[in-house]
Structure formats: structure tokens, C-alpha cells
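S.K.: Oh and the sequence shown: position 91 is 99 in our numbering, straight run, nothing missing. Ideal placement from N, C-alpha and C gives every residue a C-beta, glycine not left out. Treat the numbers as computed from the prediction; the structure is a model and nothing was measured. Before I ask anything, here is the structure I am working with.
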Amino acid sequence: MPPLDDPELLTLQELSRALALAPDWVAERVRAGLIEVSGPAGDAGAWRFDALLVRRVRSMRQTERCYGAVPELAALVADLEEEISALRRRVARMPR
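And the structure:
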């Protein structure tokens, strides 16, 4: 992850506000190892999130809400979506 003073890093409050989520929702998933964070593990006030995580967290929230999925399943779905996107980009770069 980028250095903690990187302008593309979000605080817990900024990430929560950007996605209209309770900070506790995010913190629970960080503690479960489902959302990557920079900063001391025990100090939520010092956590910093890469701005690129917004899409992943949004996907997790949607999967949980729409399908009643447990957080671990929602994180797996987000992982698979990221992998599919990466594969599509790779295929698009291949000569035809």
C-alpha cells in the first residue's frame, strides 16, 4: 500500500461517508481481514484505506444487502469480480 501521507488514502470516516456506511460496518470487516488497511491494527483512527478499495467495499455491501450474504462470502464475490476484471483487461490486450 502507499505511504500513510498519500493523498489517495482515505480515513475510516472518509471511506464510510463516501459509501454511506457506518464506520463500525467497515471496522468489523477490517478486523475480520476482509478489507485491507494501512496503519496500526488496533487504532481505527490511524487506519488508511487505498481509494481503489471503494469499489471493492461497495461490492461487498451490495452483495450482503441484496443477497443476505455473510461478510466472508461478500468478500469472496468481490475477489472474483476483481479477478474477472483483470482477466478481461488481459484478454483485451491480446493480439487478435
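#1: Do L110 and R56 have their CB atoms nearer than 8 Å?
#2: What span of residues does the alpha helix (DSSP H) with V99 cover, start to end?
#3: Using beta-carbon positions only, say whether E89 and A82 come within less than 8 Å of one another.
#4: So, at 8 Å on beta carbons, what are the nonlocal neighbours of L125 in its own chain, with the 5 sequence-adjacent residues on each side left out?
#5: Grouping DSSP H, G and I as helix and E and B as strand, with all else coil, what is D51?
#6: Just the C-alpha distance for L61 and I43, rounded to the nearest angstrom, thanks.
#7: To which residues does DSSP link D32 through a beta bridge?
#8: Determine the closest residue to V65 out of G47, D87, E91, with distance taken between C-alpha atoms.
#9: Is R56 helix, strand or coil when you go by DSSP?
M.R.: According to the structure data:
#1: Nothing can be reported for residue 110, as the shown portion of the chain is limited to 9 through 104.
#2: 79-101
#3: no
#4: Because the chain here runs from 9 to 104, residue 125 falls outside it and cannot be looked at.
#5: coil
#6: 8 Å
#7: Answer is none; D32 lacks a bridge partner.
#8: D87
#9: strand
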